[in-house]
Amino acid sequence: MQQVAELPKRQRQALDEFVANLDLLNTLADTNRQRLIILLGAHLVDGLTVSELTRQMQLSQPAVSHHLKLLRDAGLVATTTEGLHHRYRLTVDAALNQVEHLLTTIRHSYH
Numbered sequence: 013m014q015q016v017a018e019l020p021k022r023q024r025q026a027l028d029e030f031v032a033n034l035d036l037l038n039t040l041a042d043t044n045r046q047r048l049i050i051l052l053g054a055h056l057v058d059g060l061t062v063s064e065l066t067r068q069m070q071l072s073q074p075a076v077s078h079h080l081k082l083l084r085d086a087g088l089v090a091t092t093t094e095g096l097h098h099r100y101r102l103t104v105d106a107a108l109n110q111v112e113h114l115l116t117t118i119r120h121s122y123h
């Protein structure tokens, strides 16, 4: 296998993009977080509370909260507070832009 330094410039750039997006890609790789994204996508306007997500996911509240924190840290979810409850909403635009940039870089690496 070629060493990274021996790769053509465009291929090195593609590898750099993968490294730069590792946190986002790892966040998206988990099936529970994928399910949360799908559920939140179905409730774009109102969002959902942790208890609503816990019921639908059939996971413990701490597990759902953990996954939501990772999604929030990755910029995929935003939180608003209504009284004592936090509502979670999907905010994927920035993350989609990152993934699109990664895919564009990969496409250019072999052309």
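Going by the numbering used here, the sequence shown wraps up at 123, each residue one higher than the last.
Each residue gets a CB set at the ideal place from its N, CA and C atoms; glycine is no exception.
{"Query": "Just to check my reading of the structure: L65 and V57 have Cβ atoms closer than 8 angstroms, yes? What is that Cβ distance to the nearest angstrom?", "Result": "Rounded, the Cβ-Cβ distance is 16 angstroms, inconsistent with contact."}
{"Query": "With three or more beta-carbon pairs closer than 8 angstroms as the criterion, would you say the segment 105–121 touches the segment 33–41?", "Result": "yes"}
{"Query": "Would you mind giving the Cβ-Cβ distance between A107 and A90, rounded to the nearest angstrom? I have them listed as a contact below 8 angstroms.", "Result": "About 12 angstroms separates the two Cβ atoms, so there is no contact after all."}
{"Query": "Please classify R67 as buried or exposed, where buried requires at least 16 other C-beta atoms within 10 Å of its C-beta.", "Result": "exposed"}
{"Query": "Quick check on A90: does DSSP put it in helix, strand or coil?", "Result": "strand"}
{"Query": "Could you have a look at H113 and say whether DSSP puts it in helix, strand or coil?", "Result": "helix"}
{"Query": "With DSSP run on the structure shown, which of helix, strand or coil describes T103?", "Result": "coil"}
{"Query": "I'd like the list of long-range same chain contacts for H55, defined as Cβ closer than 7 angstroms, with 5 residues on each side in sequence excluded.", "Result": "none"}
{"Query": "How would you call H97, buried or exposed, if buried means at least 16 neighbouring beta carbons within 10 angstroms?", "Result": "exposed"}
{"Query": "Count the other C-beta atoms from every protein chain shown that fall within 10 angstroms of the C-beta of G53, then say buried if there are 16 or more, exposed otherwise.", "Result": "exposed"}
{"Query": "Is L51 helix, strand or coil when you go by DSSP?", "Result": "helix"}
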